[in-house]
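Visitor: Structure below; questions to follow.
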Ligand code: ADP
């Protein structure tokens with residue numbers, strides 16, 4: 060239940076309503092008791108004044124109380140719950156007929172409260188018939204004689220009313236809470252309906268229809284941003300999915316040609332009796348093609364690893380980009396010599412970047428090898444590494460076959476090989492894609508431009524490591 064929003068909403072409403080009603084009940088109980096006691100005290104005070112008015116003297120010596128003549132009704136009915144007593148000094152002057160036991164103490168124990176301005180004490184007690192009573196005691200001096208009046212009222216009727224009201228309240232509380240819970244349930248149901256619509260819309264999208272989008276206009280305002288986020292996620296997923304699909308198709312297509320070559324070579328070798336030298340030549344051809352395929356498969360694996368985010372900033376360390384380029388130049392020298400290419404490097408500065416040494420060396424080597432591979436015999440390749448602001452700028456220029464303007468747009472696409480390169484088996488069309496992915500993972504960029512008089516110039520820019528880092 061706590062895992063669902065509806066459940067939590069209900070629980071919160073239920074708890075807050077219970078606390079609210081408990082608080083209300085307590086306040087009501089307190090307020091009612093106060094109001095009832097207050098009105099009782101006012102009544103007692105009024106009755107007291109009435110009894111006080113009956114005290115007089117005829118001869119100026121003896122104090123009397125005219126109760127017998129004046130008081131009728133409640134004060135004369137036995138055990139009516141309305142009593143009074145008048146004391147002159149410590150002796151009882153008058154007592155209401157309603158009090159069957161005139162000695163019954165109407166002011167036992169400690170008073171509840173005392174009003175100094177009126178000289179009145181309030182008492183709470185249990186009557187002769189176990190009924191709840193409230194008394195008021197008043198003291199004053201009349202003709203230099205201390206007089207004490209006690210007036211008492213039964214409170215059971217008022218208390219019964221209070222208890223009845225409280226009981227009504229307690230009775231309707233669960234009904235109210237249940238009603239509120241039902242209303243909350245309906246509100247929660249209505250409020251969460253847009254979330255249900257949203258999830259229904261999401262359910263309709265699978266890998267088969269990634270091009271579909273959630274209609275943001277139809278969503279509740281609060282869910283619109285979420286829908287937009289989902290749509291952009293879907294956009295990226297779709298792109299990744301399509302790229303994956305294309306890559307798979309391209310890979311199959313690319314591997315088909317060398318496999319067909321291997322098959323044809325085997326067919327020829329098996330067609331007729333051949334000398335050992337012919338077989339060796341065939342095997343040599345097959346091996347060369349298989350080597351190419353192996354290179355392609357390795358490049359594909361590298362790309363897949365890059366795509367799946369295996370290389371990321373969390374694994375980067377402070378490394379010397381200059382060492383990476385130096386290593387790449389050393390590794391490319393053999394190929395350059397074989398192809399009779401002059402390879403020169405100007406790496407004067409020691410530049411540090413945050414990155415992966417192996418991947419950056421591989422990227423640099425790829426560019427230098429391409430510059431050698433797509434060069435004319437006796438051509439030149441110039442490698443340089445400099446600092447521009449807070450960027451390391453690595454460039455490889457060659458005097459090779461060059462790349463046309465249109466082809467420059469596509470050479471970073473996977474499996475793309477420019478027309479001039481397609482005749483050679485030595486390449487997969489994946490090298491530059493890998494270089495671009497590595498550079499971008501390092502927060503850098505790669506560009507290509509044509510050289511005056513033919514040839515190309517590839518430039519990688521990488522952010523330098525922060526000195527303080
Ligand atoms: P590969 O070299 O394996 O074919 P790349 O991704 O490294 O694949 O390069 C893609 C294409 O870009 C190459 O086939 C080639 O046509 C072109 N290219 C790359 N570097 C150069 C260069 N330095 N000079 C001319 N063409 C180049």
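Residue numbers (this note's numbering): 60 to 528.
Don't be surprised by glycine CBs; every beta carbon is placed ideally from N, CA and C.
Quantities reported herein were computed from a predicted structural model and do not represent experimental measurements.
With a threshold of 7 Å (Cβ to nearest heavy atom), would residue 427 be considered close to the ligand ADP?
Guide: Looking up residue 427 in the chain shown gives position 368. No - the ligand ADP has no heavy atom lying nearer than 7 Å to the Cβ of residue 427.
Visitor: Pull up the DSSP beta-bridge partners for residue 144, would you.
Guide: Taking the first residue of the chain shown as position 1, residue 144 is located at position 85. DSSP output for residue 144 lists 154, 209 as bridge partner(s).
Visitor: DSSP on residue 235, reduced to helix/strand/coil?
Guide: The sequence position of residue 235 within the chain shown is 176, counting from 1. Residue state, collapsed to three classes: helix.
Visitor: Quick check on DSSP: helix, strand or coil for residue 375?
Guide: Locating residue 375 in the chain shown gives position 316, where the first residue counts as 1. Here residue 375 sits in coil by DSSP.
Visitor: Whose CA, out of 351, 510, 412, lies closest to the CA of residue 376?
Guide: Taking the chain shown and counting its residues from 1, the one referred to as residue 376 is at position 317. The shortest Cα separation from residue 376 among 351, 510, 412 belongs to 412.
Visitor: Going by alpha carbons, who is nearest to residue 188 out of 261, 464, 286, 214?
Guide: Stepping through the chain shown from its first residue, residue 188 is reached at position 129. Among 261, 464, 286, 214, the Cα nearest to that of residue 188 is on 214.
Visitor: Using C-beta distances below 7 Å, list every residue in its chain close to residue 450, excluding the 5 sequence neighbours before and after it, in chain order.
Guide: Taking the first residue of the chain shown as position 1, residue 450 is located at position 391. 520, 521, 522, 523.
Visitor: Taking 7 Å as the line, does the beta carbon of residue 327 fall inside it for any heavy atom of the ligand ADP?
Guide: Here the question's residue 327 lines up with position 268 in the chain shown. Answer for residue 327: no, Cβ out of range of the ligand ADP.
Visitor: I'd like the list of long-range same chain contacts for residue 320, defined as Cβ closer than 7 Å, with 5 residues on each side in sequence excluded.
Guide: For this step, residue 320 is matched to residue 261 along the chain shown. Contacts found: 348.
Visitor: Could you tell me the boundaries of the alpha helix (DSSP H) in which residue 161 lies?
Guide: Taking the first residue of the chain shown as 1, we reach residue 161 at position 102. Taken as a continuous stretch (DSSP letters only), residue 161 belongs to no alpha helix (DSSP H), as it is neither H nor E.
Visitor: Helix, strand or coil: how does DSSP classify residue 191 here?
Guide: Along the chain shown, one-based indexing puts residue 191 at 132. Residue 191: strand per DSSP, three-state reduction.
Visitor: Give the list of continuous beta strand (DSSP E) stretches no shorter than 3 residues that lie fully inside the segment 71-128.
Guide: 114-116, 122-124
Visitor: Sort 345, 190, 148 by Cα distance to residue 165 and report the nearest one.
Guide: As a first step, residue 165 must be located in the chain shown, where it is residue number 106. Residue 190 is the option with its Cα nearest to residue 165.
Visitor: Which of the three DSSP states is assigned to residue 501 in this structure?
Guide: Start at 1 with the first residue of the chain shown, and residue 501 comes out as number 442. The answer is coil: DSSP assigns residue 501 none of H, G, I, E or B.
Visitor: What do you reckon, are the CB atoms on residue 474 and residue 490 nearer than 8 Å?
Guide: Numbered from its first residue, the chain shown carries residue 474 at position 415. Numbered from its first residue, the chain shown carries residue 490 at position 431. In this structure, residue 490 does not lie closer than 8 Å to residue 474 by Cβ.
Visitor: Exposed or buried, residue 456, counting other C-beta atoms within 10 Å across all chains shown (16 or more means buried)?
Guide: By 1-based counting over the chain shown, the position of residue 456 is 397. With 16 or more Cβ atoms within 10 Å of its Cβ, residue 456 is classed as buried.
Visitor: How big is the Cα-Cα spacing for residue 371 and residue 422?
Guide: Working through the chain shown from its first residue, we reach residue 371 at position 312. Working through the chain shown from its first residue, we reach residue 422 at position 363. Near 16 Å, if we compare the C-alpha coordinates of residue 422 and residue 371.
Visitor: Can you give me the C-alpha to C-alpha distance between residue 528 and residue 68, rounded to a whole angstrom?
Guide: Working through the chain shown from its first residue, we reach residue 528 at position 469. Working through the chain shown from its first residue, we reach residue 68 at position 9. Reliability of the predicted coordinates at residue 528 is poor, the pLDDT of 45 falling under 50, and no value is obtained from them.
Visitor: Quick one: Cα of residue 335 to Cα of residue 443, how far?
Guide: Locating residue 335 in the chain shown gives position 276, where the first residue counts as 1. Locating residue 443 in the chain shown gives position 384, where the first residue counts as 1. Approximately 49 Å between the Cα atoms of the pair.
Visitor: Measure the Cβ-Cβ separation of residue 436 and residue 398 and say whether it is below 8 Å.
Guide: The residue labelled residue 436 in the question sits at position 377 within the chain shown. The residue labelled residue 398 in the question sits at position 339 within the chain shown. Result yes, Cβ atoms of residue 436 and residue 398 sit closer than 8 Å.
Visitor: Give a yes or no on whether the C-beta atoms belonging to residue 103 and residue 195 are separated by under 8 Å.
Guide: Position 44 of the chain shown, counting from 1, holds the residue named residue 103. Position 136 of the chain shown, counting from 1, holds the residue named residue 195. In contact: residue 103 and residue 195 (Cβ atoms closer than 8 Å).
Visitor: Taking the straight line between their C-alpha atoms, what separation do you get for residue 162 and residue 94?
Guide: Start at 1 with the first residue of the chain shown, and residue 162 comes out as number 103. Start at 1 with the first residue of the chain shown, and residue 94 comes out as number 35. Cα-Cα distance, rounded: 31 Å.
Visitor: Give me the Cα-Cα distance between residue 417 and residue 353, rounded to the nearest whole angstrom.
Guide: In the chain shown, the residue the question calls residue 417 occupies position 358. In the chain shown, the residue the question calls residue 353 occupies position 294. Each residue's Cα considered, the two are about 20 Å apart.
Visitor: Could you say which of 96, 169, 504 lies nearest to residue 220 if we only look at CA atoms?
Guide: For this step, residue 220 is matched to residue 161 along the chain shown. Residue 96 is the option with its Cα nearest to residue 220.
Visitor: Thinking C-alpha only, which one of 441, 434, 446 is nearest residue 479?
Guide: If you number the chain shown from 1, residue 479 lands on position 420. Among 441, 434, 446, the Cα nearest to that of residue 479 is on 434.
Visitor: From this set, 107, 291, 237, 141, which residue's C-alpha is nearest residue 75's C-alpha?
Guide: One-based indexing of the chain shown puts residue 75 at position 16. Checking every option, the nearest Cα to that of residue 75 belongs to 237.
Visitor: Comparing the CB of residue 309 with every heavy atom of the ligand ADP, is any distance shorter than 7 Å?
Guide: The count along the chain shown starts at 1 and reaches residue 309 at position 250. Incorrect: residue 309 has no Cβ contact closer than 7 Å to the ligand ADP.
Visitor: Just the Cα atoms here: how many angstroms apart are residue 192 and residue 158?
Guide: Mapped onto the chain shown, residue 192 falls at position 133. Mapped onto the chain shown, residue 158 falls at position 99. Each residue's alpha carbon lies about 13 Å from the other.
Visitor: Should residue 65 and residue 247 be called a contact, given that it needs their Cβ atoms to be closer than 8 Å?
Guide: Here residue 65 refers to the residue found at position 6 of the chain shown. Here residue 247 refers to the residue found at position 188 of the chain shown. In this structure, residue 65 sits near residue 247, with a CB-CB distance shorter than 8 Å.
Visitor: Can you tell me whether residue 139 is helix, strand or coil according to DSSP?
Guide: Counted from its first residue, the chain shown places residue 139 at position 80. It is coil, neither helix nor strand.
Visitor: What separation, rounded to the nearest whole angstrom, lies between the Cα atoms of residue 429 and residue 286?
Guide: Along the chain shown, one-based indexing puts residue 429 at 370. Along the chain shown, one-based indexing puts residue 286 at 227. Distance between the alpha carbons of residue 429 and residue 286 is about 45 Å.
Visitor: Where does residue 252 land, buried or exposed, given buried means 16+ other C-beta within 10 angstroms?
Guide: In the chain shown, residue 252 corresponds to position 193, counting from 1. So residue 252 counts as exposed.
Visitor: Assuming residue 427 contacts residue 388 (C-beta within less than 8 Å), just tell me the rounded distance between them.
Guide: Here the question's residue 427 lines up with position 368 in the chain shown. Here the question's residue 388 lines up with position 329 in the chain shown. Right, their Cβ atoms sit about 6 Å apart.
Visitor: In this structure, how does DSSP classify residue 64 when only helix, strand and coil are distinguished?
Guide: As a first step, residue 64 must be located in the chain shown, where it is residue number 5. Of the three classes helix, strand and coil, the one that applies to residue 64 here is helix, per DSSP.
Visitor: Determine the closest residue to residue 496 out of 508, 514, 472, 177, with distance taken between C-alpha atoms.
Guide: Position 437 of the chain shown, counted from the first residue, corresponds to residue 496. Nearest of 508, 514, 472, 177 to residue 496, Cα basis: 472.
Visitor: In whole angstroms, give me the CA-to-CA distance for residue 392 and residue 514.
Guide: Reading the chain shown from its first residue, position 333 is the one you call residue 392. Reading the chain shown from its first residue, position 455 is the one you call residue 514. Distance between the alpha carbons of residue 392 and residue 514 is about 19 Å.
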